[in-house]
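So that you can map any letter, position 14 of the sequence shown is 14 in full-length UniProt numbering, and since no number is skipped, the others follow by simple counting.
The beta carbon of each residue, even a glycine, is placed where N, CA and C say it ideally should be.
Please read these numbers as outputs of a predicted model, since none were measured by experiment.
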Amino acid sequence: MAGTALKRLMAEYKQLTLNPPEGIVAGPVNEENFFEWEALIIFSRRIKKITILTILKFMSHNSDFFRGPEDTCFEGGVFPAILSFPSDYPLSPPKMKFTCDMFHPNIYPDGRVCISILHAPGDDPMGYESSAERWSPVQSVEKILLSVVSMLAEPNDESGANVDASKMWREDREQFNRLAKQIVRRSLGL
């Protein structure tokens, strides 16, 4: 089964390299282990195609390069994460964890991402998600990362992984936005 997973991951990596989605860079941590990937999610309206080299080059020469979408509390942030793939991928979903500080309703305090697309296929035992929202083998790394970008911009406070963040998002949006902006500044090393 690991052979099938490896072939699929190699194909997805090739696709992400040839046609990277806006504001996302992802790939294996090293060539010896295609089952552990690093990803960067970058909120910026000025980035079209991006590579790690481009990020480093512009970060050192252009302090306003990472201005993100207007009206997004995480605008301007650069958020690193790890994707860990099971040996039976794509039958089972990967796990995703941010490796930087995050305060978000759908991200556990330890950085683990809680989003439907990363939940095992089948019916939700809690009855909250439809099976169509959950993982299926037709999903991809690109779809996961795009879903996470959407989740960062528009949290689902009905399914909170971080109770404090969910409560603040609902009851004190100004304070939530202030904390998010602090996280953005830390993500940039400021």
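- Counting of Cβ neighbours within 10 angstroms places Tyr-128 among the exposed residues, the total staying below 16.
- Taken through DSSP and simplified to helix, strand or coil, Glu-32 comes out as coil.
- DSSP places Ala-81 inside the beta strand (DSSP E), whose first and last residues are 78-84.
- For Met-151, the enclosing alpha helix (DSSP H) stretches over residues 141-153.
- Residue nearest to Leu-152 within the set Glu-38, Ser-92, Leu-83, Pro-105 is Pro-105 (criterion: CA-CA distance).
- Spanning the alpha carbons of Phe-74 and Lys-181 requires a straight line of approximately 6 angstroms.
- When the Cα atoms are used, Ser-150 and Ala-2 turn out to be separated by approximately 30 angstroms.
- In this structure Pro-155 is buried. Its beta-carbon is surrounded by 16 or more other beta-carbon atoms within 10 angstroms.
- Per DSSP, Met-10 is one residue of the alpha helix (DSSP H) stretching across 2-18.
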